[in-house]
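Visitor: Going by this note's numbering, the final residue of the sequence shown carries number 376, and the count climbs one at a time with no gaps. Beta carbons are placed, not taken as given, at the ideal position from N, Cα and C, and that holds for glycine. I'd like to ask some things about the structure below.
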Amino acid sequence: MSNQEATLARRADSGWVAYLAPYFAFLLIAELQARPLGEGSLVLWGLRVLLPAGLLIHFARRGAYPELRGFRFGIGGVAADIALGLVIAALWVVPFEAGWLAKDADVKGFDPNQLGPELRHVVLGLRLLGFAAVTPFVEELFVRSFLIRAAELVTISRKGVEIDFDADFRDVPMARFAWKGFVATVVLFTFSHLGWQWPAAFVTGIVWNLWLYHRGHIVPLVISHATANLALFVATVYASGRFEDATGNPLDLWYQL
120 MSNQEATLAR RADSGWVAYL APYFAFLLIA ELQARPLGEG SLVLWGLRVL LPAGLLIHFA
180 RRGAYPELRG FRFGIGGVAA DIALGLVIAA LWVVPFEAGW LAKDADVKGF DPNQLGPELR
240 HVVLGLRLLG FAAVTPFVEE LFVRSFLIRA AELVTISRKG VEIDFDADFR DVPMARFAWK
300 GFVATVVLFT FSHLGWQWPA AFVTGIVWNL WLYHRGHIVP LVISHATANL ALFVATVYAS
360 GRFEDATGNP LDLWYQL
């Protein structure tokens, strides 16, 4: 096999599809759930967890995601990753509940009883798995592994936008700062959220990018992201209705989920 054939085989085996498929499968299920026919569907809640997770496992078994390997778990480093996740979680709650940033008045919060009170814990369990376990892997692999490197293959000039399809984004080193990748990921991460969430998403995108460059590996980002989402989930379930917000009304954090 020639070098060119070997390169093509490697691309076909575990290239960009391994990063895009779980991400867009997740978005597709979320979009179906937002439609009238998809509301309150236990099947879709299950698929929202199982389909992206199944795709991640499938591609991982085929050799994709080498960037997840080789990470050395140190107590100090992981503690810092977790601490950053808690700070990010606070960033998504405090500004809105303190009145510094305005929430969308029409925002529809997550309803754990959408399938009936008897399935409340099932719905919460599926939401927890998707939110704190699946989403961090799906988003970090797509945003801060694929997109942040693939952006370096794009050239913008007076002639227009050119993409080097002969290059392989996986040849771009992980966690190497470059403006195109930095800007592309922050923009995507920001605009993939609702408009009223943009300030928090913008800051989060910048902070997590900088953390990637600092830590030099994608796993700390998965840990930090999972921590932030888990903290938001716990705060929402535990604190909603038990405390008051800045206006004296019962605290309602279900919009976070």
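Mapping the DSSP letters down to three states, classify V257 as helix, strand or coil.
Guide: To locate residue 257, count along the sequence shown from 1; it is residue 138. Correct three-state label for V257: helix.
Visitor: Give the single residue among F301, P339, V322 whose Cα lies nearest to the Cα of G193.
Guide: Mapped onto the sequence shown, residue 193 falls at position 74. Looking at the Cα atoms, P339 is the closest of the given residues.
Visitor: Is DSSP giving T366 helix, strand or coil here?
Guide: Sequence index remark: in the sequence shown, residue 366 carries index 247 (1-based). Three-state DSSP puts T366 in coil, outside helix and strand.
Visitor: Just the Cα atoms here: how many angstroms apart are R295 and I342?
Guide: For the purposes of this step, residue 295 is taken as the residue at position 176 of the sequence shown. For the purposes of this step, residue 342 is taken as the residue at position 223 of the sequence shown. Near 20 Å, if we compare the C-alpha coordinates of I342 and R295.
Visitor: I need the DSSP call for I282, collapsed to helix, strand or coil.
Guide: Indexing the sequence shown from 1 puts residue 282 at position 163. In the structure shown, I282 sits in a strand (DSSP, three-state: E or B).
Visitor: Locate the alpha helix (DSSP H) running through S343, then write down its first and last residues.
Guide: Translated into positions along the sequence shown, residue 343 becomes position 224. Unbroken alpha helix (DSSP H) run through S343: 338-358.
Visitor: Under the three-state reduction of DSSP, which class applies to V291: helix, strand or coil?
Guide: Along the sequence shown, read from residue 1 onward, the residue named residue 291 stands at position 172. Coil at V291, not helix or strand.
Visitor: Let me know if W327 comes out buried or exposed under the rule of 16 or more other beta-carbons within 10 Å of its beta-carbon.
Guide: As a first step, residue 327 must be located in the sequence shown, where it is residue number 208. That one is buried.
Visitor: Nearest to K222 by alpha carbon, out of I325, H336, A319, F352?
Guide: As a working note, residue 222 is residue 103 in the sequence shown. For K222, the nearest C-alpha among the options comes from A319.
Visitor: H177 lies in the alpha helix (DSSP H); which residues open and close that run?
Guide: For the purposes of this step, residue 177 is taken as residue 58 along the sequence shown, with counting starting at 1. Residues 161-180.
Visitor: In chain order, what residues of the same chain have a beta carbon less than 7 Å from the beta carbon of V242, not counting five sequence neighbours either side?
Guide: Indexing the sequence shown from 1 puts residue 242 at position 123. Cβ within range, chain order: W164, P231, Q233, L234.
Visitor: For L307, collect the residues of the same chain with a Cβ closer than 7 Å to its Cβ; drop the 5 residues on either side in sequence, then sort them by chain order.
Guide: By 1-based counting over the sequence shown, the position of residue 307 is 188. V262, L266, listed in sequence order.
Visitor: When the distance is taken between beta carbons, is A217 closer than 9 Å to F352?
Guide: In the sequence shown, residue 352 corresponds to position 233, counting from 1. In the sequence shown, residue 217 corresponds to position 98, counting from 1. No, Cβ-Cβ distance for F352 and A217 is not below 9 Å.
Visitor: Please classify P318: does DSSP put it in a helix, a strand, or coil?
Guide: By one-based count along the sequence shown, residue 318 stands at place 199. Note: P318 maps to helix in three-state DSSP.
Visitor: Would you report the Cα separation of A345 and A208, rounded to the nearest angstrom?
Guide: Your numbering for residue 345 matches position 226 in the sequence shown. Your numbering for residue 208 matches position 89 in the sequence shown. Approximately 10 Å, taken between the alpha carbons.
Visitor: Where does A297 sit, in a helix, a strand or coil, going by DSSP?
Guide: Within the sequence shown, the letter at position 178 stands for residue 297. Looking at A297 - three-state DSSP - the assignment turns out to be coil, as it is neither helix nor strand.
Visitor: In terms of residues, what are the limits of the alpha helix (DSSP H) holding W211?
Guide: Taking the sequence shown and counting its residues from 1, one reaches residue 211 at position 92. 194-216 is the span of the alpha helix (DSSP H), which, as asked, contains W211.
Visitor: Taking 7 Å as the limit between beta carbons, can you name the residues of its chain near E363, skipping five residues before and five after?
Guide: The residue labelled residue 363 in the question sits at position 244 within the sequence shown. Taken in chain order, the residues that qualify are P369, L370.
Visitor: Which stretch, first to last residue, makes up the alpha helix (DSSP H) that contains R239?
Guide: Along the sequence shown, read from residue 1 onward, the residue named residue 239 stands at position 120. Where R239 is concerned, the enclosing alpha helix (DSSP H) stretches over 239-248.
Visitor: Assuming G335 and V305 are in contact, meaning their beta carbons sit under 8 Å apart, how far apart are those beta carbons, in whole angstroms?
Guide: Here residue 335 refers to the residue found at position 216 when the sequence shown is read from its first residue. Here residue 305 refers to the residue found at position 186 when the sequence shown is read from its first residue. Wrong, their Cβ atoms sit about 19 Å apart, outside the cutoff.
Visitor: With a 10 Å radius around its C-beta and 16 neighbouring C-beta atoms as the bar for buried, classify F215 as buried or exposed.
Guide: Indexing the sequence shown from 1 puts residue 215 at position 96. By the 10 Å Cβ count, F215 comes out buried.
Visitor: Please work out which residues of its chain come closer than 7 Å, Cβ to Cβ, to T309, disregarding the five sequence neighbours upstream and downstream, and give them in chain order.
Guide: Translated into the one-based positions of the sequence shown, residue 309 becomes position 190. Correct list, in chain order: W317, A320, F321, G324.
Visitor: What does the alpha-carbon distance come out to for the pair V226 and L248?
Guide: For the purposes of this step, residue 226 is taken as the residue at position 107 of the sequence shown. For the purposes of this step, residue 248 is taken as the residue at position 129 of the sequence shown. In a straight line, the C-alpha of V226 is about 23 Å away from that of L248.
Visitor: State the Cα-Cα distance for the pair E259 and R167, rounded to the nearest angstrom.
Guide: Residue mapping note: residue 259 aligns to position 140 of the sequence shown, counting from 1. Residue mapping note: residue 167 aligns to position 48 of the sequence shown, counting from 1. If you take the alpha carbons of E259 and R167, they lie about 17 Å apart.
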